[in-house]
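Below: the structure, in structure tokens.
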Amino acid sequence: KPHLVLTDVHRHYGQGDKTVRVLEAANLSVASGELVALVAPSGAGKSTLLHLSGLLESPQSGEVELMGIKTSHLGDRGRTQLRRSTVGYVYQFHHLLPEFTALENVSMPQLIAGKSPAEADKRSMELLELLGIAARASHRPAELSGGEQQRVAIARAAANHPKVILADEPTGNLDPETSDIVFGALADLIKNEGAAALIATHNHDLARRADRIVTLKGGLVVDHTL
Ligand code: ADP
Ligand code: ADP
3 KPHLVLTDVH RHYGQGDKTV RVLEAANLSV ASGELVALVA PSGAGKSTLL HLSGLLESPQ
63 SGEVELMGIK TSHLGDRGRT QLRRSTVGYV YQFHHLLPEF TALENVSMPQ LIAGKSPAEA
123 DKRSMELLEL LGIAARASHR PAELSGGEQQ RVAIARAAAN HPKVILADEP TGNLDPETSD
183 IVFGALADLI KNEGAAALIA THNHDLARRA DRIVTLKGGL VVDHTL
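Structure representation (structure tokens):
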């Protein structure tokens, strides 16, 4: 069963003649180890789709399932709990804590989740190695390049073994060469961890490296055929 499934999802904002219909009967499923790129123009509803997938927003109708769990009947607490245990999120800007090292930034969410410092650091090093930045473990964010910062943010998002990784323009702030390295690292990580990934990007060259490209048209999620 796919890790993330959206079925007939409808989401609009506003009312009356100010209604903005963003998603109308949107369907999408993302399997374990699958990387889906979401490429659509600004305002098409990419963030909305990511927010619905991450349970930050609810659809007006339709179903969002994470790890086989239907969420339409869950309350706020249930949604928060499910989000914390299944979703890792990567932002366009890294949002790393400036006073902490790369290793500490990756260990932090694990300590909050109740892991011992030794266990957390072991997992963090494993992720930093996988992403090719182990040599930067004791550096603070300001001492890292943009691409390194973003790879630390990816490691942090993956720290608690999320089953679903959502990313909103994770390379939007990087030059093309660095974007390529960061996207490649993210793709390797997803395969390695068996997570399902939905990555919003404007970058068509990067999107081609995904397993599948989807776009948003008329409120539907449609496969993008080149
Ligand atoms: P994208 O991420 O592709 O740029 P969004 O999902 O942010 O698109 O937005 C899709 C549409 O929904 C836009 O027209 C936007 O203005 C509108 N929208 C998004 N969030 C809200 C909101 N909270 N209230 C009203 N309109 C919104
Ligand atoms: P800011 O834009 O002020 O940095 P946040 O750091 O709260 O706001 O989040 C950045 C964006 O990522 C927001 O649009 C937020 O809704 C979204 N986001 C954060 N966590 C998740 C998640 N688990 N699932 C989906 N979207 C998320």
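First residue of the sequence shown: 3, per the UniProt record's numbering; consecutive thereafter.
A virtual CB, placed ideally from N, CA and C, is assigned to each residue, including glycine.
C-alpha gap between residue i and residue j, whole angstroms
{"i": "A28", "j": "S44", "result": "18 Å"}
{"i": "T9", "j": "M127", "result": "38 Å"}
{"i": "R79", "j": "L58", "result": "12 Å"}
{"i": "H226", "j": "S31", "result": "15 Å"}
{"i": "T82", "j": "K20", "result": "30 Å"}
{"i": "E67", "j": "A120", "result": "34 Å"}
{"i": "D182", "j": "G18", "result": "44 Å"}
{"i": "Q62", "j": "V22", "result": "13 Å"}
{"i": "G186", "j": "F102", "result": "26 Å"}
Among the options, the one whose alpha carbon lies nearest that of residue i
{"i": "P111", "options": "I135, A159 and L76", "result": "A159"}
{"i": "T217", "options": "E106, L129, L40 and I71", "result": "L40"}
{"i": "H12", "options": "L54, L6 and D182", "result": "L54"}
{"i": "V38", "options": "K219, G220, R214 and G221", "result": "R214"}
{"i": "L52", "options": "R211, A198 and H206", "result": "A198"}
{"i": "K124", "options": "A161, R153, S147 and G196", "result": "A161"}
{"i": "G221", "options": "L132, A46, G56 and P4", "result": "A46"}
{"i": "A189", "options": "I156, K219, D177 and E179", "result": "I156"}
{"i": "L208", "options": "K193, T173 and E195", "result": "T173"}
Integer Cβ distance of residue i from residue j, believed to fall under 8 Å
{"i": "residue 260", "j": "P143", "result": "Here the chain comprises residues numbered 3 to 228, so residue 260 is not present and cannot be evaluated."}
{"i": "L6", "j": "L200", "result": "7 Å"}
{"i": "F95", "j": "N205", "result": "Contact flag wrong, Cβ pair sits at about 16 Å."}
{"i": "V166", "j": "N107", "result": "Actually they do not touch by this definition, with Cβ atoms about 21 Å apart."}
Residues sharing a beta bridge with residue i, DSSP
{"i": "G186", "result": "According to DSSP, G186 bridges with nothing at all."}
{"i": "K48", "result": "Answer is none; K48 lacks a bridge partner."}
{"i": "D170", "result": "A202"}
Exercise for review: With ligand 1 as the reference, list in chain order each residue whose Cβ lies under 5 Å from any of its heavy atoms.
Suggested key: The set of residues whose C-beta lies within less than 5 Å of a heavy atom of ligand 1 reads, in chain order, Y15, V22, V24, S44, G45, A46, G47, K48, S49 and T50.
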